[in-house]
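Chemist:
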Amino acid sequence: MRVLILAYHRIYPGYHIDPGTFEYQIRVLKKHFVPLTLDEVAAFIRGDFNLKKNGFAITFDDGWADNFVYAYPILKKHEVPATLFIPTSFISNENSTRPTLEDYWNNKISYKKLFRGRSSDEAAAKIARGEHTEEFLTWDEINHMKPLVQIESHAHSHAYHFRSPKIIATCGEILKERQNWLLLSGIKLEPGMPMYESGSVLMYPRYYENENRFEDFDNYKKRIKAEFKTSIAMITKKTGRRPKHLAWPFGEYNKTVIEVAKESGLETCLTTRIGAVKQGDNPYELKRFSPPRNRRLFSIALKGGAGIVLYRLAVQLKAL
Numbered sequence: 001m002r003v004l005i006l007a008y009h010r011i012y013p014g015y016h017i018d019p020g021t022f023e024y025q026i027r028v029l030k031k032h033f034v035p036l037t038l039d040e041v042a043a044f045i046r047g048d049f050n051l052k053k054n055g056f057a058i059t060f061d062d063g064w065a066d067n068f069v070y071a072y073p074i075l076k077k078h079e080v081p082a083t084l085f086i087p088t089s090f091i092s093n094e095n096s097t098r099p100t101l102e103d104y105w106n107n108k109i110s111y112k113k114l115f116r117g118r119s120s121d122e123a124a125a126k127i128a129r130g131e132h133t134e135e136f137l138t139w140d141e142i143n144h145m146k147p148l149v150q151i152e153s154h155a156h157s158h159a160y161h162f163r164s165p166k167i168i169a170t171c172g173e174i175l176k177e178r179q180n181w182l183l184l185s186g187i188k189l190e191p192g193m194p195m196y197e198s199g200s201v202l203m204y205p206r207y208y209e210n211e212n213r214f215e216d217f218d219n220y221k222k223r224i225k226a227e228f229k230t231s232i233a234m235i236t237k238k239t240g241r242r243p244k245h246l247a248w249p250f251g252e253y254n255k256t257v258i259e260v261a262k263e264s265g266l267e268t269c270l271t272t273r274i275g276a277v278k279q280g281d282n283p284y285e286l287k288r289f290s291p292p293r294n295r296r297l298f299s300i301a302l303k304g305g306a307g308i309v310l311y312r313l314a315v316q317l318k319a320l
């Protein structure tokens, strides 16, 4: 038996996985597999939970508001559990919940008035500048989704920083893609300045470009321990449940962060490596896959084995 863990990020009209595509995928998954929570997946890996049929688990990364507005009503409709991996620094303390797809189904709001997602990179930049953004969930919305949706850790800051003195580009007038995520670690980017090799704040000791030095190992380990401690404490306080699972931000991790994850009491950690989960797998390096919009590729990926290999090749060829 095997389990497929699907890694989604955003669901909204105009996104490559829109609500209609998401509901189609949920229908197909439920027809051919048994839906599982991550707690059940963890028990399956340990050999404490037997499957008579291949399973699947739905996960979402980053805490986007559209997960509540569009994905949650579809999950609720089909009685499929899911997991949200949230970077706690992104979550809004506003006491509010937005209208959802369910409100539209019940004729309480027009479809056009539902929240529509915008640029993910722009949202990250706004968080870094301390500006208001509606792109991320509120704690009220998170708690509204319980118990169908399990809330787990995606660390606290979910940021990039410089990791080596190697210059790979020059900063332009407009920041591109993950350059925005550098702002979250306090790096000030100006047009024309060198862009150094960068990576996840969890995986790499920081390179301080102005001082031409690296963060020492003790401070690096202390910092990532604080990342986990803050995230776990905040989720526990806000939801009443201690998180047991974590998705590695940007899919980047190393032996040190795995060690800290274990010390922090986390039971599993999920990667962005493509594949299925089997009994006996390393619980801190669990494979997932990001579902494609293309229905044929989606069907291929669900077959596992050779299907996963073909899907991985399609990803490499950018055929999604």
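If you count by full-length UniProt numbering, then the sequence shown holds residues 1 to 320, one letter each, in order.
Even glycine gets a Cβ: it sits at the ideal position worked out from N, Cα and C.
The model shown is predicted, which means the values in this text are computed figures rather than measured ones.
Can you tell which of F228, P165 and W248 has its C-alpha closest to the C-alpha of H156?
Modeler: In the sequence shown, residue 156 corresponds to position 156, counting from 1. Checking every option, the nearest Cα to that of H156 belongs to F228.
Chemist: Thinking C-alpha only, which one of M203, C171 and F44 is nearest L222?
Modeler: Reading the sequence shown from its first residue, position 222 is the one you call residue 222. Note that residue 222 corresponds to Lys in the displayed sequence, not to Leu. Looking from the CA of K222, the closest CA among M203, C171 and F44 belongs to M203.
Chemist: Under 8 Å by Cβ, that's how I've got F33 and F60 pegged, so tell me the actual separation to the nearest angstrom.
Modeler: To locate residue 33, count along the sequence shown from 1; it is residue 33. To locate residue 60, count along the sequence shown from 1; it is residue 60. Actually they do not touch by this definition, with Cβ atoms about 18 Å apart.
Chemist: So the candidates are Y220, K244 and N219; which of them puts its Cα closest to the Cα of S231?
Modeler: For the purposes of this step, residue 231 is identified with residue 231 of the sequence shown, where counting begins at 1. When only C-alpha atoms are compared, the closest one is K244.
Chemist: What does the Cβ neighbour count give for D62, buried or exposed, with the cut at 16 atoms within 10 Å?
Modeler: For this step, residue 62 is matched to residue 62 along the sequence shown. Counting Cβ neighbours within 10 Å, D62 comes out buried, since at least 16 surround it.
Chemist: Where K113 and P99 are concerned, what is the direct C-alpha to C-alpha distance, given to the nearest angstrom?
Modeler: Indexing the sequence shown from 1 puts residue 113 at position 113. Indexing the sequence shown from 1 puts residue 99 at position 99. Straight-line Cα distance between these residues: approximately 9 Å.
Chemist: Please report the distance separating the alpha-carbon of E267 from that of E152.
Modeler: Translated into positions along the sequence shown, residue 267 becomes position 267. Translated into positions along the sequence shown, residue 152 becomes position 152. Going by the C-alpha atoms only, they are around 11 Å apart.
Chemist: Could you tell me the distance, in whole angstroms, from the CA atom of A276 to the CA atom of D48?
Modeler: Numbered from 1 along the sequence shown, position 276 holds the residue referred to as residue 276. Numbered from 1 along the sequence shown, position 48 holds the residue referred to as residue 48. Whole-angstrom Cα-Cα distance: 18 Å.
Chemist: Does DSSP put H161 in a helix, in a strand, or in coil?
Modeler: Looking up residue 161 in the sequence shown gives position 161. Strand at H161.
Chemist: Using 9 Å as the threshold, is the C-beta distance between M145 and I167 below it?
Modeler: The count along the sequence shown starts at 1 and reaches residue 145 at position 145. The count along the sequence shown starts at 1 and reaches residue 167 at position 167. Cβ distance not < 9 Å, so M145 and I167 don't count as in contact.
Chemist: My assumption, with CB atoms under 8 Å, is that P81 sits in contact with L148. Please give the rounded CB distance.
Modeler: Mapped onto the sequence shown, residue 81 falls at position 81. Mapped onto the sequence shown, residue 148 falls at position 148. At roughly 6 Å, the Cβ-Cβ gap stays under 8 Å, so P81 and L148 are in contact.
Chemist: Looking at F214 and L182, is the spacing between their C-beta atoms short of 9 Å?
Modeler: Residue numbering aside, residue 182 sits at position 182 when the sequence shown is read from its first letter. Residue numbering aside, residue 214 sits at position 214 when the sequence shown is read from its first letter. Contact: no.
Chemist: Between L270 and I5, how many whole angstroms is the CB-CB distance? I'm expecting something under 8 Å.
Modeler: To locate residue 270, count along the sequence shown from 1; it is residue 270. To locate residue 5, count along the sequence shown from 1; it is residue 5. Approximately 6 Å separates the beta-carbon atoms of L270 and I5; this is inside 8 Å, confirming the contact.
Chemist: Please determine if the segment 104-111 and the segment 247-262 are in contact, where contact requires at least 3 C-beta pairs separated by less than 8 Å.
Modeler: no
Chemist: Determine the closest residue to I91 out of I235, D121, A125 and F22, with distance taken between C-alpha atoms.
Modeler: To locate residue 91, count along the sequence shown from 1; it is residue 91. When each option's Cα is compared against that of I91, the closest is I235.
Chemist: When the Cα of Y208 is compared with those of S185, I74, A71 and E190, which residue comes out closest?
Modeler: Working through the sequence shown from its first residue, we reach residue 208 at position 208. That would be S185, whose Cα lies nearest to the Cα of Y208.
Chemist: Among residues of its own chain, excluding the 5 on either side of A42, which ones have a beta-carbon nearer than 8 Å to its beta-carbon?
Modeler: If you number the sequence shown from 1, residue 42 lands on position 42. So the qualifying residues of the chain are K244, H245, E267, T268 and P283.
Chemist: Rounding to the nearest angstrom, what Cα-Cα distance links L286 and H154 in this structure?
Modeler: Mapped onto the sequence shown, residue 286 falls at position 286. Mapped onto the sequence shown, residue 154 falls at position 154. Taking the straight line joining both Cα atoms gives about 14 Å.
Chemist: What does DSSP give as the partner residues of G199 in its beta bridges?
Modeler: Here residue 199 refers to the residue found at position 199 when the sequence shown is read from its first residue. G199 pairs with H161.
Chemist: Could you give the distance in angstroms between the alpha-carbon of A169 and the alpha-carbon of K262?
Modeler: Locating residue 169 in the sequence shown gives position 169, where the first residue counts as 1. Locating residue 262 in the sequence shown gives position 262, where the first residue counts as 1. For A169 and K262, the distance between alpha carbons rounds to 36 Å.
Chemist: Measuring CB to CB, does P291 end up less than 9 Å from I17?
Modeler: By 1-based counting over the sequence shown, the position of residue 291 is 291. By 1-based counting over the sequence shown, the position of residue 17 is 17. In this structure, P291 places its C-beta atom within 9 Å of the C-beta atom of I17.
Chemist: For L36, which of helix, strand or coil comes out of DSSP?
Modeler: Counted from its first residue, the sequence shown places residue 36 at position 36. Coil.
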